[in-house]
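Read through the structure below, which is laid out as structure tokens, and then see the notes.
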Amino acid sequence: MRRFLALVLLAVGFALVGAPAASAHDVLESTSPADRTTVDRLPQAVTLTFSDDPLALGTQILVKGPSGNVAHGDPTIEGRVVHQQLSAQAPAGDYVVTYRVTSSDGHPISGTFSFHATVGLDGSTATQGAPVPAQQPGSPDVAAAQQSSFVPVMLTIAGVVIVLLIGAVVWIGSRRRDAAATPGTADTPDTADTKNRG
Numbered sequence: 569m570r571r572f573l574a575l576v577l578l579a580v581g582f583a584l585v586g587a588p589a590a591s592a593h594d595v596l597e598s599t600s601p602a603d604r605t606t607v608d609r610l611p612q613a614v615t616l617t618f619s620d621d622p623l624a625l626g627t628q629i630l631v632k633g634p635s636g637n638v639a640h641g642d643p644t645i646e647g648r649v650v651h652q653q654l655s656a657q658a659p660a661g662d663y664v665v666t667y668r669v670t671s672s673d674g675h676p677i678s679g680t681f682s683f684h685a686t687v688g689l690d691g692s693t694a695t696q697g698a699p700v701p702a703q704q705p706g707s708p709d710v711a712a713a714q715q716s717s718f719v720p721v722m723l724t725i726a727g728v729v730i731v732l733l734i735g736a737v738v739w740i741g742s743r744r745r746d747a748a749a750t751p752g753t754a755d756t757p758d759t760a761d762t763k764n765r766g
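Note that the working numbering has the sequence shown beginning at 569, numbered continuously upward.
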């Protein structure tokens, strides 16, 4: 029984140690245009580079500027890089890119970044406006994404503990049944007569 409990504690310890690694999901490494920068001309596409290959399922990118969302078509993925084409009618001005990408481990990654385009794809021009604040790590959307990554880890740990406890109950029950089925050590009549004669 002591050996089994030791194995239970060891398995729980491994699960707790592995939790930080499991929650270390893919991260956004860079963007083009870079966050809070000014480009001479609005590019035909914005790109996001992640630490690992993201999944196409659930990936969505919005590029909002003076005329609204100018994202054209669905985003495309090439290895670790996600491309989002822009409309040819996109004007100059301030832009905020909002992304939601499914990481390689199946968890969502979301956030925003911003930039300013002096010349739009439609040929229009604009002066530099006030910097558009990008989403900070403590913002609600980022906090929600981190929480959604943490919950599956805790459910996995809870599942491991439950399975081990069920195994402990089954093991103890089988030991008791084996003990009950083992013949007793009471003296048989022949043994009793021999002791009396002795």
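Note that beta-carbon positions come from the ideal geometry of N, C-alpha and C, so glycine has one too.
Of all C-beta pairs linking the region 629 to 636 to the region 661 to 677, three or more are shorter than 8 Å, placing the two stretches in contact. Each residue's CA atom was taken as its position, placing His684 and Asp673 some 33 Å apart. Judged by DSSP secondary structure, Leu623 falls within the beta strand (DSSP E) whose first and last residues are Leu623 to Gly633. The Cβ-Cβ distance between Ile645 and His593 does not fall below 8 Å. Between Glu597 and the set Gly691, Val687 and Thr680, the nearest pair of CA atoms involves Thr680.
Sequence-distant partners of Ser600 (beyond 5 residues in either direction) whose C-beta falls short of 6 Å from its own C-beta, in its chain, are Thr615. Boundaries for Gln657: no beta strand (DSSP E) harbours it, and the DSSP string shows neither H nor E there.
For Gln653, the CB contacts under 7 Å within the same chain, skipping 5 residues up- and downstream, are Gln612, Ala613, His640 and Gly641 in chain order. When the beta-carbon positions are compared, Pro643 and Ser692 stay at least 8 Å from each other. By the 16-neighbour rule on beta-carbons within 10 angstroms, Val595 is exposed.
Annotated three-state conformation of Asp690 is coil, per DSSP.
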